[in-house]
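Student: Sharing a structure below in structure tokens format, with a few things to ask.
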Amino acid sequence: MHRALPVPVTVEAIAERIGATVHGDGRRRIARLASLESADANAVSFLSGRRHARSARESRAGALIVSAALQEDAPAGAARILVADPYAAYALLSQWFESLLVPVRRAAAIDPSARVDVAARLGAGVDVGPGASIAAGARIGDGCRIGAGCAIGEGASIGPDSILHPNVVVYGGVTLGARAVVHAGTVIGADGFGFAPSRDGFVKIAQLGSVRIGDDVEIGANCAIDRGALDDTEIGDGVKIDNLVQVGHNVRIGAHTVIAGCVGIAGSATIGARCMIGGGVGVSGHIEICDGAIIGGFSLVERSVDEPGFYTGAWPLQSHVQWERTAATLKQLPRLRQRLRGLEARAGEPKDSE
Amino acid sequence: MHRALPVPVTVEAIAERIGATVHGDGRRRIARLASLESADANAVSFLSGRRHARSARESRAGALIVSAALQEDAPAGAARILVADPYAAYALLSQWFESLLVPVRRAAAIDPSARVDVAARLGAGVDVGPGASIAAGARIGDGCRIGAGCAIGEGASIGPDSILHPNVVVYGGVTLGARAVVHAGTVIGADGFGFAPSRDGFVKIAQLGSVRIGDDVEIGANCAIDRGALDDTEIGDGVKIDNLVQVGHNVRIGAHTVIAGCVGIAGSATIGARCMIGGGVGVSGHIEICDGAIIGGFSLVERSVDEPGFYTGAWPLQSHVQWERTAATLKQLPRLRQRLRGLEARAGEPKDSE
Amino acid sequence: MHRALPVPVTVEAIAERIGATVHGDGRRRIARLASLESADANAVSFLSGRRHARSARESRAGALIVSAALQEDAPAGAARILVADPYAAYALLSQWFESLLVPVRRAAAIDPSARVDVAARLGAGVDVGPGASIAAGARIGDGCRIGAGCAIGEGASIGPDSILHPNVVVYGGVTLGARAVVHAGTVIGADGFGFAPSRDGFVKIAQLGSVRIGDDVEIGANCAIDRGALDDTEIGDGVKIDNLVQVGHNVRIGAHTVIAGCVGIAGSATIGARCMIGGGVGVSGHIEICDGAIIGGFSLVERSVDEPGFYTGAWPLQSHVQWERTAATLKQLPRLRQRLRGLEARAGEPKDSE
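If you read the sequences in order, they're chains A, B and C. First residue of the first sequence: 147, per the numbering used here; consecutive thereafter. First residue of the second sequence: 147, per the numbering used here; consecutive thereafter. First residue of the third sequence: 147, per the numbering used here; consecutive thereafter.
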């Protein structure tokens, strides 16, 4: 359930926070930020698009963040908080509510069970959780929070005001920018997957590069971002990566690109800036995706994408029986095409331009 | 290799344990539970279906759990342990053998290297492994075993008799029911993936919801189950989840649903009760899968599924050369269909109802 | 950036190390191993195939490892280091450079914060990182390095000269061979996914088998390799596994097979020796892949593969609009085939052998 604020805030205070104007009772007290469906009279909710209009009209929210164009869809009696972009306003408000909800933080401290090497350099106000270890030569910027059980390798560098949740592993030499958020269990800087075949099996290629990550990057839980073979793996400013994502060695990801969960990016792929990569996508090695491309979920990007646009490749769901028939026929597709061509020739059709 | 019981048990004792009757030598001593192929005279095995009948006849097992209908397939000389459902009987027996195999457990204890906050509440008989940390306000039910290196966040709650294997991370406020089993490295309650676009890049949406997990839930290794944006992510009683599964924010999974490995479930998807989701499946966001649906491995569920049944969508494997031809032709499929229609019109065929 | 060697080496020393001959200035000093694109006069690079010839000619590398056949593509002025297999030579050289780059290792030691059970047996020169735990009966071979936060279960065995990076979890009874490399966050030996249906939900099948891993195996970050139900899960000598790979219970993988990232292998699948499994591949349970098979990335191996060769199954990427049309037509494929057959019959074509 939504946690209630220990001290409710007024509708006016909310409007001021997000730069909005109020229509209705600005002094109403609000204790929760809630979805349209679960809001009650003590809750503020938001309407971010016409497809939720019906839910908005039926909502019991005491206040609604809404655009002028959709304000008629506010539930009767609710205070309307008018703003140009309700979704962005919701994002800002969620951060404010979180800051009000989180229990008073104790002073930053290094837990006695943490192991910080004498040759590591920690900035001011750094918090290190139980059992975390920070190796020689590592640098942790001011205001960082290093969660329980994190392991920071030799010479790694974490920019200021970053949050590493528990059990994150940062290998030696890896660099993270300012305000990074890394969720639990993620591994940054493990060896890229490189082996040279030989008569006696594979010979390991030592991965001499590193990983360089820009500012304002968020990485989800249990991801694996490999260090480069010779050059570095690079992730640009503002990139957002969901859970269980693999980033191979020497991958480069441009600024403000968003990557959903379970994506696998093979070695030396280059992804442009402001791309959106859907969940479960695979990106083949050594290809390039241009700036601004959108890849639909579960697609394999097996070739370079040179033009911005929306791309997809995924088998649509069918009943299993129909799928079996379709899959069987699929394998005959080249032959079917040939037969079609034969019929056309016989019918005297002009040769298709295929 | 199968570990042998320190003290063998009789065929009769096994039969009693699983509510079966014995045909043959009930006093034979059994030290191992083994597959048909690797069983020897000291081992009990089981026959769970006709397709294993040949392996059963050729097995060297000293005793066989089998249904009355298939008892003729028992190897000559083996004691037959007759039961209605040999597979369920095997499951029960495996638990008994495990309890006999596991070395005597030491008394529950909090390892001196663990960090348990004074404001955490631990039930009776709780075991906390080396280096684990339990934050203020967390509640750990009676009889729980918290593995080495686990991190339990503020105000999280773990139901009684739960087992968290090493390095599991439970974020603040997350609730697990009774008898949970969570395998190593799994992360529960990391932030859902929510960002609002703005001119200056993405604005993080604080994830104010939590995760609520019912009773008797098992979760595999290195999964990531995100907390909700506003409402909670919910996993029902008896749900079983394999390894490396991603559950996005505000997903709801009904009771007794089974999810195989490497599945990715995007935000706000709803999966019904008693579903079976095959390995590597992707589930798109904001869709619903009804109770009792079965999704074949490697399928993308890109739309809601309203009727129970077996659904699949996955390209069948081909030789690479054939695949190249098929994939090239696939892209022409809409054009081929048009050409077919043209030929039919020319031939005076009645218009297909497509 | 490439780290520079603290003390540069000569071209001759490099050649001697990899069994090569030098054409040009053998006394030139080299401080870096670099890609063709980022090499400078102090760097050695390598040319491993004709498709990189142009990059080689334009490179600023001071020395180039190259085959006799391609030596004309070396940049003007660069020392040529001639060798039969430049890629394998690069692999060897990368290992040498790494050994020169890594700061002098402190003597092997057990960190005071590590918890090593009195009934564990550690070989000579074993290094145990902060917060790692080693349970009773575990055996750690000579020269092993156990990273921070690793948890080694009861009776597990790690062969000599193995490296476990931080936060690896090895469950009880698991066996790793010599010279294993396991990257951070990987979990070996969690329970296989086995439940027997019953009226009251699923009954857990205790996983009594274990995991046996051969010599010279490398496993990437955040993988999950499950223990067997009755028999063991087995991974052969020299197998290389990338990140985020799931290996189900009772899977067997033959020697020197290579498995790329994000692969999911379902229970009881058997993969032969010297196979190459591409990224994101799914392998269904209870099937067999023969020795030497190559599976293209993102394919589902839903049936056994009996002949060595290159196999693929993955939808090619399309623009989203084209994909929508193709996907809609795909579902009609069996019907299209029928209509084609109808037209052929009408045209008096001989019946296709399909």
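Think of the CB as a built atom: it goes at the ideal place given N, C-alpha and C, for glycine as much as any other residue.
#1: By how many angstroms is the C-alpha of G295 of chain A removed from the C-alpha of M147 of chain A?
#2: Which chain C residues are close to T379 of chain A, counting only those with a beta carbon under 9 angstroms from its beta carbon?
#3: Give the C-beta separation of A202 of chain B and L193 of chain B to the nearest angstrom, bearing in mind that I take them to be a contact with Cβ-Cβ under 8 angstroms.
#4: Need the endpoints of the alpha helix (DSSP H) that P343 of chain C sits in, please.
#5: Does the Cβ-Cβ distance between A302 of chain C and V320 of chain C come in under 8 angstroms?
#6: If you compare alpha carbons, which of A:R267, A:A473, A:R226 is closest to L463 of chain B?
#7: Going by C-alpha distance, which of A:R492, A:P221, A:V393 is nearest A415 of chain A?
#8: Under three-state DSSP, which class holds Q464 of chain A?
#9: On a CA-only basis, which of A:E300, A:V314, A:R291, A:I435 is nearest D307 of chain A? Give me that one, please.
#10: What does E218 of chain B touch in chain A if you count any residue whose Cβ is under 9 angstroms from its own?
#11: In terms of residue numbering, what span does the alpha helix (DSSP H) encompassing A336 of chain B cover?
#12: Check the C-beta distance from I417 of chain C over to V429 of chain C and give it rounded, since I have them as a contact under 8 angstroms.
#13: Here's the rule: buried if 16 or more other CB atoms are within 10 angstroms of the residue's CB, otherwise exposed. What is T332 of chain C?
#14: Would DSSP call D210 of chain A helix, strand or coil?
#15: Give a yes or no on whether 8 angstroms exceeds the smallest Cβ distance from S240 of chain B to chain C.
#16: Under a CB-based cut-off of 8 angstroms, is I351 of chain C close to chain B?
#17: If you compare alpha carbons, which of A:R175, A:G425, A:G413 is closest to I405 of chain A?
#18: My assumption, with CB atoms under 8 angstroms, is that G442 of chain B sits in contact with C421 of chain B. Please give the rounded CB distance.
#19: How close, in whole Å, do the beta carbons of G323 of chain B and D383 of chain B come, if the pair is a contact with beta carbons under 8 angstroms?
#20: Residues of the region 430 to 451 of chain A with a CB closer than 7 angstroms to any CB of chain C: list them in chain order, please.
#21: Taking C-beta pairs closer than 7 angstroms, name the residues in chain F that R291 of chain A reaches, listed in chain order.
#22: Hey, does E500 of chain C have any beta-carbon neighbour from chain A nearer than 8 angstroms?
#23: Any idea what DSSP makes of I351 of chain B, helix, strand or coil?
#24: Assign T379 of chain C to buried or exposed, taking buried as 16 or more other Cβ atoms, counted over all protein chains shown, within 10 Å of its Cβ.
#25: In this structure, how does DSSP classify A199 of chain C when only helix, strand and coil are distinguished?
#26: In chain B, what lies closer than 7 angstroms to R180 of chain A by C-beta?
#27: Going by CA-CA distance only, name the one from C:S240, C:A493, C:R226 that's closest to A180 of chain C.
#28: Using a Cβ-Cβ distance cut-off of 8 angstroms, determine whether A415 of chain A contacts chain C.
#29: Against chain B, does N188 of chain A count as a neighbour if the rule is that its beta carbon must be under 8 angstroms from one of theirs?
#30: At a Cβ cut of 7 angstroms, what residues of the region 311 to 340 of chain C count as close to chain B, listed as they run along the chain?
#31: Listed in chain order, which residues of the region 453 to 466 of chain B have Cβ atoms closer than 8 angstroms to some Cβ of chain C?
#32: Leaving out five residues on either side along the sequence, give the residues of the same chain with a beta carbon under 7 angstroms from the beta carbon of T458 of chain A.
#33: Under a CB-based cut-off of 8 angstroms, is N368 of chain A close to chain C?
#34: What residue from B:G172, B:Q353, B:D219, B:N396 has the CA that sits closest to R197 of chain B's CA?
#35: Would you identify the three-state DSSP class for I164 of chain C, choosing helix, strand or coil?
#36: Spatial neighbours of R285 of chain B within its chain, please: C-beta separation below 6 angstroms, excluding the five flanking residues on both sides.
Tutor: To lay it out plainly:
#1: Translated into positions along the first sequence, residue 147 of chain A becomes position 1. Translated into positions along the first sequence, residue 295 of chain A becomes position 149. Below a pLDDT of 50, predicted positions are generally treated as unreliable, and M147 of chain A, at 45, falls in that range; the measurement from the model is reported next regardless. M147 of chain A and G295 of chain A: Cα-Cα distance of roughly 29 angstroms.
#2: As a working note, residue 379 of chain A is residue 233 in the first sequence. Those within 9 angstroms of T379 of chain A in chain C number zero; the least Cβ separation is about 12 angstroms.
#3: The count along the second sequence starts at 1 and reaches residue 202 of chain B at position 56. The count along the second sequence starts at 1 and reaches residue 193 of chain B at position 47. Right, their Cβ atoms sit about 4 angstroms apart.
#4: Sequence index remark: in the third sequence, residue 343 of chain C carries index 197 (1-based). Run containing P343 of chain C: none in the alpha helix (DSSP H); it sits in the beta strand (DSSP E), 341 to 344.
#5: Position 156 of the third sequence, counted from the first residue, corresponds to residue 302 of chain C. Position 174 of the third sequence, counted from the first residue, corresponds to residue 320 of chain C. Their beta carbons are under 8 angstroms apart, which means A302 of chain C touches V320 of chain C by this criterion.
#6: The count along the second sequence starts at 1 and reaches residue 463 of chain B at position 317. Nearest option by C-alpha distance: A:A473.
#7: Locating residue 415 of chain A in the first sequence gives position 269, where the first residue counts as 1. Here the closest residue by C-alpha is A:V393.
#8: For the purposes of this step, residue 464 of chain A is taken as residue 318 along the first sequence, with counting starting at 1. Note: Q464 of chain A maps to strand in three-state DSSP.
#9: The sequence position of residue 307 of chain A within the first sequence is 161, counting from 1. Comparing Cα-Cα distances from D307 of chain A to each of A:E300, A:V314, A:R291, A:I435, the minimum goes to A:R291.
#10: Sequence index remark: in the second sequence, residue 218 of chain B carries index 72 (1-based). Those do not exist, as E218 of chain B stays about 33 angstroms from chain A at its closest Cβ, beyond 9 angstroms.
#11: Stepping through the second sequence from its first residue, residue 336 of chain B is reached at position 190. No alpha helix (DSSP H) contains A336 of chain B, which is instead part of the beta strand (DSSP E) from 333 to 336.
#12: The count along the third sequence starts at 1 and reaches residue 417 of chain C at position 271. The count along the third sequence starts at 1 and reaches residue 429 of chain C at position 283. Rounded, the Cβ-Cβ distance is 7 angstroms, consistent with contact.
#13: Counting from 1 along the third sequence, the entry for residue 332 of chain C is found at position 186. Classification of T332 of chain C: buried, given that the 10 Å Cβ count is 16 or more.
#14: In the first sequence, counting from the first residue as 1, residue 210 of chain A sits at position 64. In the sequence under discussion, the amino acid at residue 210 of chain A is Leu, which differs from the Asp named in the question. Residue state, collapsed to three classes: strand.
#15: Locating residue 240 of chain B in the second sequence gives position 94, where the first residue counts as 1. True, the Cβ-Cβ gap to chain C drops below 8 angstroms.
#16: Your numbering for residue 351 of chain C matches position 205 in the third sequence. By this cut-off, I351 of chain C is an interface position.
#17: Here residue 405 of chain A is taken as the residue at index 259 of the first sequence, counted from 1. Among A:R175, A:G425, A:G413, the Cα nearest to that of I405 of chain A belongs to A:G425.
#18: Counting from one through the second sequence, the residue named residue 442 of chain B turns up at place 296. Counting from one through the second sequence, the residue named residue 421 of chain B turns up at place 275. That pair is no contact at about 12 angstroms.
#19: Reading the second sequence from its first residue, position 177 is the one you call residue 323 of chain B. Reading the second sequence from its first residue, position 237 is the one you call residue 383 of chain B. Their Cβ separation, rounded to whole angstroms, is 7 angstroms, which keeps G323 of chain B and D383 of chain B in contact under 8 angstroms.
#20: S430, G442, S445, L446, V447, E448, R449
#21: This model lacks chain F altogether; the protein chains it does include are A, B and C.
#22: As a working note, residue 500 of chain C is residue 354 in the third sequence. Caution is warranted here: a pLDDT of 47 is assigned to E500 of chain C, below 50, making its placement in the model unreliable, and the coordinate value is therefore given only provisionally. By this cut-off, E500 of chain C is an interface position.
#23: Reading the second sequence from its first residue, position 205 is the one you call residue 351 of chain B. If DSSP states are grouped into helix, strand and coil, I351 of chain B belongs with coil.
#24: The residue you call residue 379 of chain C lines up with position 233 of the third sequence. So T379 of chain C ends up on the buried side.
#25: By one-based count along the third sequence, residue 199 of chain C stands at place 53. Helix, per DSSP.
#26: Taking the first residue of the first sequence as 1, we reach residue 180 of chain A at position 34. The residue asked about is misnamed: residue 180 of chain A is Ala in this sequence, not Arg. Neighbours of A180 of chain A on chain B, chain order: L376.
#27: Reading the third sequence from its first residue, position 34 is the one you call residue 180 of chain C. Minimum Cα distance to A180 of chain C is reached at C:S240.
#28: Against the first sequence, residue 415 of chain A aligns to sequence position 269. No, no contact with chain C.
#29: Reading the first sequence from its first residue, position 42 is the one you call residue 188 of chain A. Chain B, which has no Cβ nearer than 8 angstroms to the Cβ of N188 of chain A, makes this no.
#30: N313, V315, G331, V333, A336, D337, F339
#31: A460, W461, P462, L463, Q464, S465, H466
#32: Translated into the one-based positions of the first sequence, residue 458 of chain A becomes position 312. Correct list, in chain order: G442, S445.
#33: The count along the first sequence starts at 1 and reaches residue 368 of chain A at position 222. Chain C contact via Cβ: present.
#34: By one-based count along the second sequence, residue 197 of chain B stands at place 51. Nearest option by C-alpha distance: B:D219.
#35: Position 18 of the third sequence, counting from 1, holds the residue named residue 164 of chain C. Correct three-state label for I164 of chain C: helix.
#36: Residue numbering aside, residue 285 of chain B sits at position 139 when the second sequence is read from its first letter. Contacts found: R267, S303.
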